[in-house]
Every structure is written in structure tokens, then in C-alpha cells.
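Below is one structure, written out as C-alpha cells, with a few remarks after it.
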Amino acid sequence: MQYFEYASPFMRIPFYEKIAELGRKYPGLMTLKNMELSPASWMAIAWYPIYHIPSHKTPKDLSAMFLTYHTLSSCFQDDEPQEDNFESFKQRTEKGGRVCLEPFGMASYRMTGDLWINCRADDCEKYISLQSAADSWLKQLGSYHHDFNFFLTQSASVV
Numbered sequence: 001m002q003y004f005e006y007a008s009p010f011m012r013i014p015f016y017e018k019i020a021e022l023g024r025k026y027p028g029l030m031t032l033k034n035m036e037l038s039p040a041s042w043m044a045i046a047w048y049p050i051y052h053i054p055s056h057k058t059p060k061d062l063s064a065m066f067l068t069y070h071t072l073s074s075c076f077q078d079d080e081p082q083e084d085n086f087e088s089f090k091q092r093t094e095k096g097g098r099v100c101l102e103p104f105g106m107a108s109y110r111m112t113g114d115l116w117i118n119c120r121a122d123d124c125e126k127y128i129s130l131q132s133a134a135d136s137w138l139k140q141l142g143s144y145h146h147d148f149n150f151f152l153t154q155s156a157s158v159v
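Residue numbers are given in UniProt numbering: position 68 of the sequence shown equals residue 68, and the series is strictly consecutive.
Encoded structure:
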């Protein structure tokens with residue numbers, strides 16, 4: 001199954017509601033374990049900061065938007081249950097433990113100013129690496145991700 005959201009970002013329903021909606025339409029999704037997913041399974045999450053704490057930046061500084069890319073299959077996660085640690089993994093997840101979905105890729109839009117990135121540090125290198133990884137992933141899968149392409153074509157260079 002493949003799902004892409006085509007609605008304008010501001011018209012999209014909350015992520016949790018979308019998952020519940022897809023679960024009602026495709027009940028088998030709710031019983032899958034991450035080990036049963038294709039290694040190519042992924043999701044992208046759009047982030048829209050709404051305010052800064054403490055409040056000392058201008059609203060213009062908060063117009064940035066971010067996409068983060070995450071694999072869903074355990075094949076690429078550090079917590080992958082190998083034979084020797086499967087029981088530990090199983091116990092942790094059954095007892096309310098969480099599996100972290102670290103981002104492997106990223107794209108941004110309107111990310112300017114020192115609030116978001118410090119080019120004197122490793123920020124620029126990390127950003128470029130994450131954006132390149134997202135681009136490579138989508139090309140490898142032959143996926144056209146509207147949000148990524150919009151962010152890429154509309155965004156000024158970070159460096």
C-alpha cells in the first residue's frame with residue numbers, strides 16, 4: 001500500500017487522525033509489526049513551528065517549515081531485533097518502551113537566520129547531508145514526493 005497526502009499542508013488533518021482513518025479503511029495496517037514492513041517503508045512528517053520559547057524572536061523567524069524522513073521498517077533502525085537481543089527488544093516494546101524513529105533525511109522551507117542554523121558549527125554539513133539523503137532515497141524508490149519537491153524548489157540555499 002502507498003499513501004501520499006496531496007492536500008495543502010494547512011488543509012491536512014492531524015497525523016494521528018490520518019493514521020486512524022487509514023486504519024479504518026485498511027484494518028490490516030493496525031496489526032502489522034515493523035518487522036513485517038518492507039525495508040522501503042517510510043514516512044515524512046511536516047513540522048511547522050508556531051512560537052518560540054522564550055518569546056524573543058520575531059514571527060518572521062518562525063515561518064520556517066521542515067520535512068523529516070523516517071524509515072518504518074526495523075531493518076534500518078538501531079533497535080533492530082537481532083537473534084541475540086530479540087527477547088530484550090520484545091520485552092522493552094511490550095512494557096511500554098518506545099522505538100525511536102530517527103530521521104534519515106530532511107528538507108526545509110524558509111529556514112533562514114541564526115535561529116535555525118549556525119554555519120560556523122556542523123549544522124550546514126548535517127543539513128546538506130540530510131537533504132541529500134532524502135533526495136537519494138526518493139530517487140532510489142522512484143517516488144515523487146510533492147512536499148519535498150516544493151520545499152526544494154522554493155527554498156534558498158542554506159550555505
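Glycine residues also receive a C-beta, built at the ideal position from the N, C-alpha and C atoms. It should be emphasised that the depicted structure is a prediction, and the values quoted were computed from it without experimental measurement.
Closest Cα partner of Ile19 within the set Met35, Gln2 and Leu130: The residue given as residue 19 occupies position 19 in the sequence shown. Comparing Cα positions, the closest option is Gln2.
Assuming Arg110 and Ser63 are in contact, meaning their beta carbons sit under 8 Å apart, how far apart are those beta carbons, in whole angstroms? Your numbering for residue 110 matches position 110 in the sequence shown. Your numbering for residue 63 matches position 63 in the sequence shown. Contact holds; Cβ gap of about 5 Å.
Going by C-alpha distance, which of Pro39, Met65 and Tyr69 is nearest Phe10? Counting from 1 along the sequence shown, the entry for residue 10 is found at position 10. Of the candidates Pro39, Met65 and Tyr69, the one whose C-alpha sits nearest the C-alpha of Phe10 is Met65.
Report yes if the C-beta distance between Met106 and Leu141 is below 8 Å; otherwise report no. Here residue 106 corresponds to residue number 106 of the sequence shown, with the count starting at 1. Here residue 141 corresponds to residue number 141 of the sequence shown, with the count starting at 1. Contact flag unset, no.
Local conformation of Ala40 per DSSP, three classes: Residue mapping note: residue 40 aligns to position 40 of the sequence shown, counting from 1. Three-state DSSP puts Ala40 in coil, outside helix and strand.
Label Phe4 either buried or exposed according to how many other C-beta atoms from any shown protein chain fall within 10 Å of its C-beta, with 16 as the threshold for buried. Locating residue 4 in the sequence shown gives position 4, counting from the first residue. Counting Cβ neighbours within 10 Å, Phe4 comes out exposed, since fewer than 16 surround it.
Tell me whether the beta-carbon of Ala40 lies closer than 8 Å to the beta-carbon of Thr68. Stepping through the sequence shown from its first residue, residue 40 is reached at position 40. Stepping through the sequence shown from its first residue, residue 68 is reached at position 68. Cβ atoms of Ala40 and Thr68: not closer than 8 Å.
Short Cβ contact (8 Å threshold) for Phe104 with Thr71: Position 104 of the sequence shown, counted from the first residue, corresponds to residue 104. Position 71 of the sequence shown, counted from the first residue, corresponds to residue 71. For Phe104 and Thr71, yes; Cβs fall inside 8 Å.
Among Arg12, Met30 and Glu125, which has the Cα closest to the Cα of Trp47? Translated into the one-based positions of the sequence shown, residue 47 becomes position 47. Residue Arg12 is the option with its Cα nearest to Trp47.
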